[in-house]
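Remarks on the structure that follows.
Numbering (the numbering used here), first residue to last: 15 to 369.
Laid out in structure tokens, this is it:
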């Protein structure tokens, strides 16, 4: 059956935001049920009865796909699950730790959704204040300031120095903010479309040139690589076999490209650590860890621990960013409110002083 047709059969399933928040719980429960001895088919059917309003059509689809031998990662793709979850399931079907991987992926996705909800709640009130501030500036420039300018002209008063600069700034602020926002949106859209058209090698180069994005991308990618390679090595695969498995997946083009590059380096006679050193988006510690793990024969265990370390660092950085974001917006709003007050009062004081 054509993939687009399959997607139309289950259109609406887990697409809306309200449904998206339950994807993590769905995957986590699927892992739990597999650990308790349920088959994939029976577990999916049970969960769809509880999570999917169109469960009848979805269950029919899943039954036909399972009977056709379709892997679980492809079924999850048909159910519109994120590529990050499907990628982890793809690897789990290779290394055999499917229930544990599903529980981990579900837990991670729930944390991601919780972080998004927290960010939304943090920004709701500040963004509302920014909107009110913008309206206040609009009313000030179109109703109040013209009256003051008439008064200044009648009294023969001209604002000087800092007062003049403050009034001029408040007058140009609304159109300036709208222009900057529009240009930012257009620039971001063009850059995103440009990024989507690039090869994996070029994408890595672009991401690593952006100061803040590069550090997060490096941590995320190193964590992904370390965890999946760890599981595969624990399952008895050799390093070159692990890299071939990474190349087989199609959900993460950058990972596929890097695996091919590292495999080519290995074929030239270099070590796993030396191959990792050639990859720009890996954390610098990864190559050192690979050397240490190969030397003591605990490479799989050390990679898994390192992936957990990367995860902790990511969570700390995200929390730190969220802690700074809201106060920064409040500070900006406060500064502009004080500027509005001064733009009204300072000319009055100057006129009184000149009398």
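A virtual CB, placed ideally from N, CA and C, is assigned to each residue, including glycine.
Considering just the uninterrupted stretch of the alpha helix (DSSP H) at residue i, what are its terminal residues?
i           : result
residue 234 : 225–248
residue 151 : 112–153
residue 279 : 267–281
residue 306 : 298–310
residue 44  : 37–49
residue 214 : 214–221
residue 108 : 97–109
residue 93  : Run containing residue 93: none; DSSP gives neither H nor E here.
residue 259 : 253–262
residue 285 : Note, residue 285: premise wrong, no alpha helix (DSSP H); not H, not E.
residue 57  : 54–65
Buried or exposed: where does residue i fall if 16 or more other Cβ atoms within 10 Å of its Cβ makes it buried?
i           : result
residue 89  : buried
residue 3   : The first residue shown for the chain is 15 and the last is 369, placing residue 3 beyond what the model contains.
residue 254 : exposed
residue 64  : exposed
residue 139 : exposed
residue 50  : exposed
residue 273 : buried
residue 237 : buried
residue 279 : buried
residue 362 : exposed
residue 101 : buried
residue 93  : buried
With a CB to CB cut of under 7 Å and the five nearest residues on each side skipped, what residues in its chain are close to residue i?
i           : result
residue 228 : 221 and 222
residue 110 : 249
residue 210 : none
residue 18  : Bear in mind that a pLDDT of 49 at residue 18, under 50, signals an unreliable position, so the number given afterwards is only what the model happens to contain. Around residue 18: no qualifying Cβ.
residue 301 : 287, 290 and 291
Are the C-beta of residue i and some C-beta of chain B separated by less than 7 Å?
i          : result
residue 96 : You won't find chain B in this structure, because it holds only one protein chain.
Could you round the C-beta distance between residue i and residue j to whole angstroms and report it? I think they count as a contact, below 8 Å.
i           : j           : result
residue 116 : residue 218 : About 29 Å separates the two Cβ atoms, so there is no contact after all.
residue 85  : residue 107 : 6 Å
residue 263 : residue 95  : About 15 Å; that fails the 8 Å criterion.
residue 357 : residue 184 : 5 Å
residue 336 : residue 133 : 6 Å
residue 244 : residue 304 : About 11 Å separates the two Cβ atoms, so there is no contact after all.
Go through its chain and collect everything with a Cβ distance to residue i's Cβ below 6 Å, but skip five positions before and after it.
i           : result
residue 124 : 38
residue 151 : 187 and 188
residue 232 : 295 and 297
residue 77  : none
residue 174 : none
Can you list, in chain order, the residues of its chain with a C-beta nearer than 8 Å to that of residue i? Leave out the 5 residues immediately preceding and following it.
i           : result
residue 212 : 220
List, from N- to C-terminal side, the alpha helix (DSSP H) runs of 4 residues or more that fit wholly inside the region 163–206. none
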